[in-house]
Amino acid sequence: MQELSSGVISLIHHIKLNEAGWQEKSIQSLIISTIGNHHNDNMPISAEQIFKILTEEVNSNLNRQTFDNEIDKLKNTAKIELTPTGYILAESIYQDFKQQLSEQIDIEEKTYNFFLTLCTTHLPHLIGKSIWDDFKSRLLIPIIKSIGAKTTSWISGKEEIKIEENSVFQHFICNYQSDQDGIRRVIIDFLDFKNEYVKKYILSLRDAYFFIQASSLEPKEVDEIYKSSKTQANLYNTPPK
1 MQELSSGVIS
11 LIHHIKLNEA
21 GWQEKSIQSL
31 IISTIGNHHN
41 DNMPISAEQI
51 FKILTEEVNS
61 NLNRQTFDNE
71 IDKLKNTAKI
81 ELTPTGYILA
91 ESIYQDFKQQ
101 LSEQIDIEEK
111 TYNFFLTLCT
121 THLPHLIGKS
131 IWDDFKSRLL
141 IPIIKSIGAK
151 TTSWISGKEE
161 IKIEENSVFQ
171 HFICNYQSDQ
181 DGIRRVIIDF
191 LDFKNEYVKK
201 YILSLRDAYF
211 FIQASSLEPK
221 EVDEIYKSSK
231 TQANLYNTPP
241 K
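Put into structure tokens, the structure is as follows:
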């Protein structure tokens with residue numbers, strides 16, 4: 001699976017497992033984000049293009065019949081409109097999408113800037129952006145995927161997860177050779193969860209990857225995520241300091 005876009009994450013993380021039809025809502029959110037992101041301006045896009053983007057870029061397990069069903073539901077509820085050249089979002093839906101996308105981008109930018117500050121402190125001779133891209137794709141996202149349902153307990157401090165003992169962590173810092181102490185310090189400080197934007201960012205990533213991969217999870221894993229939903233809501237709604 002490729003790294004998810006801000007548009008996908010901004011919509012997916014608002015879905016709750018205690019809502020009826022959460023699977024359908026997650027698919028609809030993927031469709032809405034794809035249309036809303038088309039040329040960054042809600043430009044018309046065909047159903048074939050939307051399906052191609054979802055299966056190739058998001059790598060969902062979506063089949064065409066399920067996709068067509070959700071497209072029809074969105075059209076029948078006036079959330080999307082079919083023009084002569086393709087689908088667009090209804091204006092109110094597009095405005096909501098832009099608002100949620102803006103909020104997600106703000107979280108991502110503040111999280112990124114916090115990471116850069118840590119790099120300036122501990123690794124001033126290296127390029128922070130390169131470290132961030134490497135850290136996010138090769139360490140943060142794999143760890144979030146592996147921890148899964150325990151992410152909320154990890155962030156809240158209810159469950160101790162020793163990241164430094166994780167094989168992915170060990171392999172990652174080995175790539176930095178003489179800078180291992182510095183990169184270790186950056187990661188530990190970043191994941192101490194004193195920064196509210198880091199909490200929000202990680203929860204949104206966890207939710208997005210979970211909903212997209214939900215069809216491959218065991219029922220027990222889905223139930224664990226469901227049980228954590230109330231704690232997650234409290235964490236996610238904490239005002240940033």
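So in the UniProt record's numbering, the last spot in the sequence shown is 241, and the numbers never skip. Cβ atoms here follow ideal geometry from the backbone N, Cα and C, with glycine treated the same way. Everything numeric in this text was worked out from a predicted model, so none of it was measured.
Rounded to a whole number of angstroms, what is the C-alpha to C-alpha distance between residue i and residue j?
i, j, result
"N37", "T85", "16 Å"
"N234", "R185", "Bear in mind that a pLDDT of 44 at N234, under 50, signals an unreliable position, so the model cannot answer this."
"N76", "E91", "15 Å"
"W132", "Y209", "19 Å"
"D134", "N175", "10 Å"
"T121", "I107", "21 Å"
"N102", "R206", "Going by the sequence as given, residue 102 is Ser instead of Asn. Cα-Cα distance, rounded: 19 Å."
"I35", "G128", "33 Å"
"D181", "V58", "35 Å"
"residue 306", "Q95", "Residue 306 is absent from the model: the chain starts at 1 and stops at 241."
"Q23", "V8", "15 Å"
So is residue i buried or exposed if we call it buried at 16+ other beta carbons inside 10 Å?
i, result
"Q28", "buried"
"L82", "exposed"
"E109", "exposed"
"R64", "exposed"
"Q100", "buried"
"K162", "exposed"
"K158", "exposed"
"N40", "exposed"
Smallest Cα separation from residue i: which of the options?
i, options, result
"N69", "I161, A90, A47 and F172", "A47"
"L123", "I141, Q177 and S153", "Q177"
"D72", "I107, I32, N42 and I143", "I32"
"F114", "I202, N195, W22 and S26", "N195"
Please check the pair residue i and residue j, which I expect to be a contact at CB under 8 Å, by giving their CB distance rounded to whole angstroms.
i, j, result
"Y87", "I53", "Going by Cβ atoms, the distance from Y87 to I53 rounds to 12 Å, so no, they are not a contact pair."
Between residue i and chain B, is any beta-carbon pair separated by less than 9 Å?
i, result
"S102", "Here there is only one protein chain, and chain B is not present."
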